[in-house]
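**Q**
Protein chains: 2
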Amino acid sequence: MPRLPSKKSVLPRTGRERVVIESVAPSIDCGRFPIKRIRGDEVVVLADVFADGHDVVACTLYVRKGGARSGIESRMVALGNDRFQGTFVVSELGTYGYTVRAHIDRFASFCLELSRRPPEDPDLTSAWASGALLIAEAAEGAEHAGAQAEALALREAERVFRCDGAASTKRALAIDNVLAERVYRFAERRHETTFERELMVSVDPERARSSAWYEFFPRSFGALRAAHAMLEYIADMGFDVVYLPPVSPIGEYLRKGPNNSPTATATDVGSPWAIGSARGGHKAVAPELGTLADFRAFCEKAASCHMEVALDIAFQCAPDHPYVQAHPQWFRHRPDGTIQYAENPPKKYQDIYPLDFETEDWQALWQELRDVFLFWIKQGVRIFRVDNPHTKAFSFWEWVIADVRGRHPEVLFLAEAFTRPKVMHRLAKLGFSHSYTYFTWRNTKHELIEYFTALTRGPGREYFRPHVWANTPDILPSYLQYAPRAAFAARLILAATLSANYGIYGPAFELMENVPRSSGSEEYQDSEKYQLRMWDLNRADSLRDLVALINRIRRENRALQDDRGLEFHAIDNDNMICYSKATSDGESVILVVVNLDPYHRQSGWLSWTADCAAGADGRSVQMHDLLSGARYLWSGGRHFVEISPENIPAQVFRVRRHTISENNFDYYC
Amino acid sequence: MPRLPSKKSVLPRTGRERVVIESVAPSIDCGRFPIKRIRGDEVVVLADVFADGHDVVACTLYVRKGGARSGIESRMVALGNDRFQGTFVVSELGTYGYTVRAHIDRFASFCLELSRRPPEDPDLTSAWASGALLIAEAAEGAEHAGAQAEALALREAERVFRCDGAASTKRALAIDNVLAERVYRFAERRHETTFERELMVSVDPERARSSAWYEFFPRSFGALRAAHAMLEYIADMGFDVVYLPPVSPIGEYLRKGPNNSPTATATDVGSPWAIGSARGGHKAVAPELGTLADFRAFCEKAASCHMEVALDIAFQCAPDHPYVQAHPQWFRHRPDGTIQYAENPPKKYQDIYPLDFETEDWQALWQELRDVFLFWIKQGVRIFRVDNPHTKAFSFWEWVIADVRGRHPEVLFLAEAFTRPKVMHRLAKLGFSHSYTYFTWRNTKHELIEYFTALTRGPGREYFRPHVWANTPDILPSYLQYAPRAAFAARLILAATLSANYGIYGPAFELMENVPRSSGSEEYQDSEKYQLRMWDLNRADSLRDLVALINRIRRENRALQDDRGLEFHAIDNDNMICYSKATSDGESVILVVVNLDPYHRQSGWLSWTADCAAGADGRSVQMHDLLSGARYLWSGGRHFVEISPENIPAQVFRVRRHTISENNFDYYC
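Just so you know, the sequences run in chain order H and A. Residues 1 to 669, numbered by our numbering, are exactly what the first sequence covers, in order. Residues 1001 to 1669, numbered by our numbering, are exactly what the second sequence covers, in order.
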């Protein structure tokens, strides 16, 4: 805490620092949390920097890699209005620190004054002497640094300033950037100011920017070994990540039956989220799925299909989990000494014991849970989907993610927290690489535009990476209940093109499973969470080909691999939504139009102009619908589109803008 | 600087704190600077506070006065969406610190769970026992605190919870706020979280919120003693503050003559801003103005007229200032050993030596300059207008203002910094109570609306108190050059009603001095800065009566004494501007319409609706034009106004809204 002022007045240690540094950005919660970037990104840093009076300020960006004692400096550029900009590239995974330093550039200030002095100024003689002193000081610095050539050049400049030569010669030398830069490099930086905080950027692997996920229950296909064929099926659809529900042994005591019934028969398989039995806890594989070796083989098979395995980590225990006997102090007890099961009255989860993060033994608990991650990393997992992180202590997540990523900076964590916005944002700030979103409940045009504008333009864009799911084993959204094929296709296309990170739970999705357990419920009828399901993957009406097509389009168009650059466009029909995504270099541009009405043909006029180089000046752009293969020539800013739900309920246009004209010929000038 | 994460993982000391506190507001630059308030204000503090899971969070605002070791706590109220609000009143001058603390309220969480349990819940028995434990713990706390009555009540509640009595009795007790509040007071707060920063509020006297200033040169009226009559003249116009240019001896060496001519004759009086001669420096009174005793008498006379004296402090020296001999190291030297005079090439100010804030002897310099303020405070000054603070080190101002206000918290500082916006804002943040603004150059409707919206709605509203000047000795704005009476009247009314703090430089203003030194210049012809002027205060066309009327209107209408609550309203004529000011209680409402065209009659339809209780529902409000005395009845939202520049070019309406209807009778229900 800063001390409040008292009557005893103390002169500040930094009293002679005349430069002020403010508003360094990007910065989250005053530097409390890192921003997030991808390996290879250029980080753009802005700062307000100024001094009293008319002196010129020199401003540098100071960057160091986590763990390093020192870093590197680069000049920041003045943008005007006291704003400076600098950039650096994050080429390695892990954490970087960045801050801003600034000082009065005395030689630049001298040169600026000089440029304003008329030739008849009587003070010019004195000015040359002042300039010579500043150059001499830099020359000394260069000599001290052993930069002989530079020192000589500086001494020569000093000599010119001191001699009786023509003012114009001296002036030409003074306004020469080479000299100014040389003096800057070797002059002593007196009273340099350093911004009061070191800000941080956390660097993730490329996968964090863009990924297509497929969630499935391997037990419905036999064991892990038997599910290898499923991996090929998923890879054929073009997914990057295969996400498995927990694979640990399932509790037997108070096991739930089909459709969450409170009683189970001996043959019921139970919920994979009721973790732990006499067969083992979080660091074991359920025997019905196979062995640890089978799990590793599954990961290897996935890798050979160019996919990664994401594993679900749910920190909760079935009553017969080994922790309950070994560490009863990790659970909350009732006054009668029994362990408190999970409750959110009137709901009761007798088959689940939550962990008590306020336990006296919290340090051992945290370390054990950390070891669960390290254990699965050893088996080949690099992505964790964390179940309900918002019901465990925030400080635990901050510590465990930093600890694990300190050892394995390539590891990613996806937060499955369907809860209040500030809680979701806190989890993202403290380290989760990705976050589940409310996409599942955003269906209308207005809802989608408002939500994705907030996600991509709000402050969260620096740390909250949206992961959107068309469905999950827990959520059959009302839009998809009893819905036709077009509804599934529309939600798939929205998910895959609005967000660079998306997922589906299959085969329920591509087979268009659409019956809820009951009216008003979002649970699936005969949910795979509690029972095995047989899936006919080769059904003629499967969406698998559309899924494959969409994933190929994502792979081939960089614009869809990034959440920056999303922009919505007006279309005069509330059943249709239109948006574009573009890379910052403008090389990849995709325009999407979706018919949100799965029952009727819809049409409308949309407003969109390619950019000033095309369209706007009367030239046309070629719009290539990557779904149907059709091509159109568009010019101007208003375009008619009509989409029938009988076919694919969307158009995903690749914009081909470089229509050649005489300007493109190299003999045109 | 925070340490960047390394591979060595350390468990956080605060690992068991489950509550998170974010986004505490108001806060300037992450708490680096205090917000500003007036004595008696209620400060409203907001924070985002939440925990993992479903537990109820209790949140308190912690406030302490500067210098105090401990402070007081008050409950914050949940506003929904994890936002909490608390308030405190700043009843004393000086600095207060505030921060937010929060913890899990275990008993409130218990009660919430209980309220959701159906009567047939088998876990109710266990719940009563848990509740009894929590109550017993609070009872122990009360016993320990010696709160006997409270302890007995708690023990009784515990007994009810433990006995076999009806569940309904227990339930009634649990949902009773008296019990919850009692348990809250005495229960141990486990793992309480404190927000990482203590934020600050700087409390100024009432004068800082609203004041009308009059600047004049006493030497034009003889000496200080002779100017007592002038004080009465100024008080009659209703001003609160009399502001004097520097009163110290004026340098004789290189003294400037009339109209800033580089040569002066023996009778020329010189510029009061060229401070110091053999007669003394910053801590002396120029002999031509009188003695120190005369200065004190002037302050006393002003006080007897209910005015305060504001003194101009210009930290710069004439070449013959005593500091130059006594402390040559406080000035910058050229290579030839001479002292560097002020320059901003091609402009030269040979009669001014700036102080060098980078001097090795900076500590002695700072202390001496601080003593200048303390010296004048001893003579009776409580308000300082600081000349060009942006050409002196920021860190000096932060220190000197804190030092002086630590001793004399009633002292105010006005920053005369006409410079770039970020520099002006920095000076305001670091402690200046008021700031000169760009008002002088904002003339059109669009310029005024944009500027005052930024001032009253932008982030500066927490620390940047605008002070607007219709003119100054340095600035005869182009709008007033060769301008008619209506232009002066319009600028006066705009200044006095747009801003709660305003000023004029007189008698030049009320006598409508309108000739610049040259075309393109904003300097006055025959500026009083360099020569004595004779003013005919009783000229028939003087604006003094209008000034007096405007100041009386400001005094009688609280809405004009505050910059919050300014709102602009549409009017369909670009030569007219319309705005209202209202107090937060809605008791005082002023609507202003100004004709910005001093040459022609203008009219237009304005859009304004009193509030939902009047006007909008068809009832009428009485609009009382305080300038002309005319009254109008307005209903609905569109109103016609017509203003001729021949009379007063504005209407300042007091809104009288409480038209009585049958609803006001107490037998109406």
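Idealized CB from N, CA, C, for every residue including glycine.
In chain A, which residues lie less than 9 Å from H/T14 when you measure between Cβ atoms?
**A** Here the question's residue 14 of chain H lines up with position 14 in the first sequence. What H/T14 touches in chain A: S1395.
**Q** Nearest by alpha-carbon distance to H/I553: which of H/W535, H/C299, H/Y530 and H/A500 is it?
**A** Residue numbering aside, residue 553 of chain H sits at position 553 when the first sequence is read from its first letter. When each option's Cα is compared against that of H/I553, the closest is H/A500.
**Q** For A/M1576, which of helix, strand or coil comes out of DSSP?
**A** By 1-based counting over the second sequence, the position of residue 1576 of chain A is 576. Reduced to three states, the DSSP call for A/M1576 is strand.
**Q** Does A/E1042 pass the burial test, meaning 16 or more other C-beta atoms within 10 Å, or should it be called exposed?
**A** Along the second sequence, one-based indexing puts residue 1042 of chain A at 42. Exposed, since its Cβ has fewer than 16 Cβ neighbours within 10 Å.
**Q** So, does the CB of A/G1406 fall closer than 9 Å to a CB anywhere in chain H?
**A** Taking the first residue of the second sequence as 1, we reach residue 1406 of chain A at position 406. Yes, contact with chain H.
**Q** To the nearest angstrom, how far is the alpha carbon of A/G1080 from that of H/P459?
**A** As a first step, residue 1080 of chain A is located in the second sequence; it is residue number 80 there, counting from the start. As a first step, residue 459 of chain H is located in the first sequence; it is residue number 459 there, counting from the start. Roughly 21 Å separates the two Cα atoms.
**Q** Closer than 7 Å, Cβ to Cβ, to anything on chain A: give me those residues from the segment 125–140 of chain H, in chain order.
**A** Those residues of the segment 125–140 of chain H that come within reach of chain A (Cβ to Cβ, closer than 7 Å) are S126, A129, S130 and L133.
**Q** Taking Cβ-Cβ distances shorter than 7 Å, what residues in chain A pair up with H/C30?
**A** Position 30 of the first sequence holds residue 30 of chain H. Neighbours of H/C30 on chain A, chain order: C1030.
**Q** Under 7 Å Cβ-Cβ, which residues of chain H neighbour A/P1507?
**A** The residue you call residue 1507 of chain A lines up with position 507 of the second sequence. None at all; the shortest Cβ gap to chain H is about 34 Å.
**Q** Looking at chain A, which residues of the segment 85–117 of chain H have a Cβ within less than 7 Å of any of its Cβ atoms?
**A** Against chain A - using a Cβ distance shorter than 7 Å - the residues of the segment 85–117 of chain H are T95, G97, E113, R116 and R117.
**Q** How about A/F1464: is its C-beta nearer than 9 Å to some C-beta of chain H?
**A** The residue given as residue 1464 of chain A occupies position 464 in the second sequence. Answer no: the Cβ-Cβ gap between A/F1464 and chain H never drops below 9 Å.
**Q** Buried or exposed: where does H/K301 fall if 16 or more other Cβ atoms within 10 Å of its Cβ makes it buried?
**A** As a position in the first sequence, residue 301 of chain H is number 301, starting the count at 1. Burial call: buried.
**Q** Would you grab the beta carbon distance between A/L1591 and A/S1580 for me? Rounded to a whole angstrom, and I think it's under 8 Å.
**A** Residue 1591 of chain A sits at position 591 when you count from the first residue of the second sequence. Residue 1580 of chain A sits at position 580 when you count from the first residue of the second sequence. Right, the Cβ-Cβ distance comes to about 5 Å (below 8 Å), so this counts as a contact.
**Q** Quick one: grab the DSSP three-state call for H/N471.
**A** The residue you call residue 471 of chain H lines up with position 471 of the first sequence. Of the three classes helix, strand and coil, the one that applies to H/N471 here is coil, per DSSP.
**Q** In angstroms, rounded to a whole number, what distance separates the CA positions of A/E1120 and H/P346?
**A** As a working mapping, residue 1120 of chain A is identified with position 120 in the second sequence. As a working mapping, residue 346 of chain H is identified with position 346 in the first sequence. C-alpha separation (whole angstroms): 11 Å.
**Q** What are the start and end residues of the alpha helix (DSSP H) that includes A/F1673?
**A** Shown here, chain A extends from 1001 to 1669; a query on residue 1673 of chain A therefore has no answer.
**Q** Name the residue from A/R1197, A/A1127 and A/V1183 whose alpha carbon lies nearest to the alpha carbon of A/A1167.
**A** Start at 1 with the first residue of the second sequence, and residue 1167 of chain A comes out as number 167. For the residues A/R1197, A/A1127 and A/V1183, the minimum Cα distance to A/A1167 belongs to A/A1127.
**Q** Closest Cβ-Cβ distance between H/K581 and chain A: below 9 Å?
**A** One-based indexing of the first sequence puts residue 581 of chain H at position 581. Not closer than 9 Å to any Cβ of chain A, the Cβ of H/K581 fails to qualify, so no.
**Q** Can you confirm whether H/Q363, when its beta carbon is compared against all beta carbons of chain A, has any partner nearer than 9 Å?
**A** Sequence index remark: in the first sequence, residue 363 of chain H carries index 363 (1-based). With 9 Å as the cut-off, H/Q363 counts as an interface residue toward chain A.
**Q** Grab me the residues of H/K36's own chain with a C-beta within less than 6 Å of its C-beta, minus the 5 sequence neighbours each way, in chain order.
**A** Taking the first sequence and counting its residues from 1, the one referred to as residue 36 of chain H is at position 36. Closer than 6 Å at the Cβ level, and outside the excluded window around H/K36, lie S202 and Y463.
**Q** I'd like to know whether the C-beta of A/S1440 is nearer than 9 Å to at least one C-beta of chain H.
**A** Here residue 1440 of chain A is taken as the residue at index 440 of the second sequence, counted from 1. Reading the sequence as shown, one finds Thr at residue 1440 of chain A and not Ser. Answer no: the Cβ-Cβ gap between A/T1440 and chain H never drops below 9 Å.
**Q** Can you check whether the C-beta of A/A1613 is within less than 9 Å of a C-beta belonging to chain H?
**A** For the purposes of this step, residue 1613 of chain A is taken as residue 613 along the second sequence, with counting starting at 1. Only weak support is given to the placement of A/A1613: the predicted model assigns it a pLDDT of 45, under 50, and the value that follows is read from those uncertain coordinates. False, the Cβ-Cβ gap to chain H never drops below 9 Å.
**Q** Check whether chain H comes within 9 Å of A/P1346, counting only Cβ atoms and requiring the distance to be less than that.
**A** In the second sequence, the residue the question calls residue 1346 of chain A occupies position 346. It does; some Cβ of chain H falls within 9 Å.
**Q** List the endpoints of the continuous alpha helix (DSSP H) containing H/D236.
**A** Sequence index remark: in the first sequence, residue 236 of chain H carries index 236 (1-based). Taken as a continuous stretch (DSSP letters only), the alpha helix (DSSP H) holding H/D236 covers H228 to D236.
**Q** Just mark A/C1299 as buried or exposed, buried being the case when its beta carbon has 16 or more other beta carbons within 10 Å.
**A** Working through the second sequence from its first residue, we reach residue 1299 of chain A at position 299. Buried, since its Cβ has 16 or more Cβ neighbours within 10 Å.
**Q** My understanding is that H/S220 touches H/R533, with C-beta atoms under 8 Å, so please give their C-beta distance in whole angstroms.
**A** Translated into the one-based positions of the first sequence, residue 220 of chain H becomes position 220. Translated into the one-based positions of the first sequence, residue 533 of chain H becomes position 533. Confirmed, Cβ separation roughly 5 Å.
**Q** Mind checking A/Y1482: buried by the 16 CB within 10 Å criterion, or exposed?
**A** As a first step, residue 1482 of chain A must be located in the second sequence, where it is residue number 482. Under this definition A/Y1482 is an exposed residue.
**Q** Contact check, A/V1404 vs A/R1370 under 8 Å by CB: the rounded distance?
**A** Along the second sequence, read from residue 1 onward, the residue named residue 1404 of chain A stands at position 404. Along the second sequence, read from residue 1 onward, the residue named residue 1370 of chain A stands at position 370. Yes, A/V1404 and A/R1370 are in contact; Cβ-Cβ is about 7 Å, under 8 Å.
**Q** Among A/I1377, A/I1550 and A/K1529, which one has its Cα closest to the Cα of A/Y1502?
**A** Start at 1 with the first residue of the second sequence, and residue 1502 of chain A comes out as number 502. With distances taken between Cα atoms, A/Y1502 lies closest to A/I1550.
**Q** Exposed or buried, H/G31, counting other C-beta atoms within 10 Å across all chains shown (16 or more means buried)?
**A** On the first sequence, position 31 is the one that residue 31 of chain H refers to. Counting Cβ neighbours within 10 Å, H/G31 comes out buried, since at least 16 surround it.
**Q** Looking at H/A486 and H/E642, is the spacing between their C-beta atoms short of 9 Å?
**A** Counting from one through the first sequence, the residue named residue 642 of chain H turns up at place 642. Counting from one through the first sequence, the residue named residue 486 of chain H turns up at place 486. Their beta carbons are not under 9 Å apart, which means H/E642 does not touch H/A486 by this criterion.
**Q** Should A/M1424 and A/H1467 be called a contact, given that it needs their Cβ atoms to be closer than 9 Å?
**A** Along the second sequence, read from residue 1 onward, the residue named residue 1424 of chain A stands at position 424. Along the second sequence, read from residue 1 onward, the residue named residue 1467 of chain A stands at position 467. No. Outside cutoff.
**Q** Which of the three DSSP states is assigned to A/I1072 in this structure?
**A** By one-based count along the second sequence, residue 1072 of chain A stands at place 72. Reduced to three states, the DSSP call for A/I1072 is strand.
**Q** At 8 Å on the CB atoms, spell out the chain A contacts of H/V20, in chain order.
**A** Start at 1 with the first residue of the first sequence, and residue 20 of chain H comes out as number 20. Those within 8 Å of H/V20 in chain A are F1394 and R1426.
**Q** Which of the three DSSP states is assigned to A/F1107 in this structure?
**A** As a position in the second sequence, residue 1107 of chain A is number 107, starting the count at 1. Here A/F1107 sits in helix by DSSP.
**Q** Going by DSSP, name the residue or residues bridged to A/M1623.
**A** Mapped onto the second sequence, residue 1623 of chain A falls at position 623. The partner list for A/M1623 (beta bridge, DSSP) reads A/Y1632 and A/V1655.
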